[in-house]
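Q: My questions all concern the structure below.
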Ligand code: ATP
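Residue numbers (the numbering used here): 2 to 138.
This is the structure in structure tokens:
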């Protein structure tokens with residue numbers, strides 16, 4: 002491990018999404034956003050649907066993360082998520098279509114699973130925010 006770096010690994014059931022040494026990680030924990038620099042005290046937290054960002058020099062990278070948990074150590078941040086994508090891999094049309102489907106379900110169905118439909122909308126909105134974070138940098 003290079004001095005002053007932290008290894009960020011993002012893993013989903015589909016496989017490894019990211020594995021690189023970075024300077025800093027910011028993620029969305031269930032208790033709120035947290036930041037990790039090299040040498041951080043170890044902790045474990047669950048994650049919400051949210052954005053994860055990492056910095057490497059002057060470059061920032063953004064990811065969409067769907068639930069899961071983070072295991073933080075002095076030299077490593079391990080993210081295990083239900084699904085996760087790099088911002089550049091997010092298909093915005095697909096996210097918007099998923100949002101529309103969920104909204105239609107909420108509008109018309111009688112036996113709709115609200116929590117499931119709302120989570121689908123939250124994922125879609127968060128995916129578009131992650132795309133915007135990248136464009137806005
Ligand atoms: P959809 O209804 O379009 O499948 P979803 O939010 O239910 O959306 P997930 O269960 O989060 O999808 O993910 C299923 C798989 O599809 C994962 O591998 C995830 O990375 C990928 N995926 C889902 N939506 C997108 C998207 N908009 N862009 C890129 N990959 C996506």
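All residues carry an ideal CB built from backbone N, CA and C; glycine is no exception.
1) Within 10 Å of its beta-carbon, does residue 141 have 16 or more other beta-carbons around it, so buried, or fewer, so exposed?
2) Considering only residues of the stretch 51 to 134, which uninterrupted alpha helix (DSSP H) runs meet the minimum length of 4 residues and lie entirely inside it, listed in chain order?
3) Just tell me which of 40, 20, 48 and 19 has its CA closest to the CA of residue 30.
4) Looking at residue 54 and residue 67, is the spacing between their C-beta atoms short of 7 Å?
5) Inspect the beta-carbon positions of residue 80 and residue 132 and report whether they are closer than 7 Å.
6) If distances are taken between C-alpha atoms only, which option among 9, 70 and 135 comes closest to residue 33?
7) Within 6 Å: the Cβ of residue 130 and any heavy atom of the ligand ATP?
8) Round the Cβ separation of residue 118 and residue 128 to the nearest angstrom and send it over; I've been treating them as touching at under 8 Å.
9) Would a check of beta-carbon distances place residue 78 closer than 7 Å to chain B?
A: Answer, in terms of the structure:
1) A query on residue 141 cannot be resolved here, the shown segment of the chain reaching from 2 to 138 and no further.
2) 93 to 109
3) Taking the chain shown and counting its residues from 1, one reaches residue 30 at position 29. Nearest option by C-alpha distance: 48.
4) The residue given as residue 67 occupies position 66 in the chain shown. The residue given as residue 54 occupies position 53 in the chain shown. Their beta carbons are not under 7 Å apart, which means residue 67 does not touch residue 54 by this criterion.
5) Counting from one through the chain shown, the residue named residue 80 turns up at place 79. Counting from one through the chain shown, the residue named residue 132 turns up at place 131. No, Cβ-Cβ distance for residue 80 and residue 132 is not below 7 Å.
6) Residue numbering aside, residue 33 sits at position 32 when the chain shown is read from its first letter. For the residues 9, 70 and 135, the minimum Cα distance to residue 33 belongs to 70.
7) The residue labelled residue 130 in the question sits at position 129 within the chain shown. Answer for residue 130: no, Cβ out of range of the ligand ATP.
8) For the purposes of this step, residue 118 is identified with residue 117 of the chain shown, where counting begins at 1. For the purposes of this step, residue 128 is identified with residue 127 of the chain shown, where counting begins at 1. About 16 Å; that fails the 8 Å criterion.
9) Reference to chain B is not applicable here, since this structure consists of a single protein chain.
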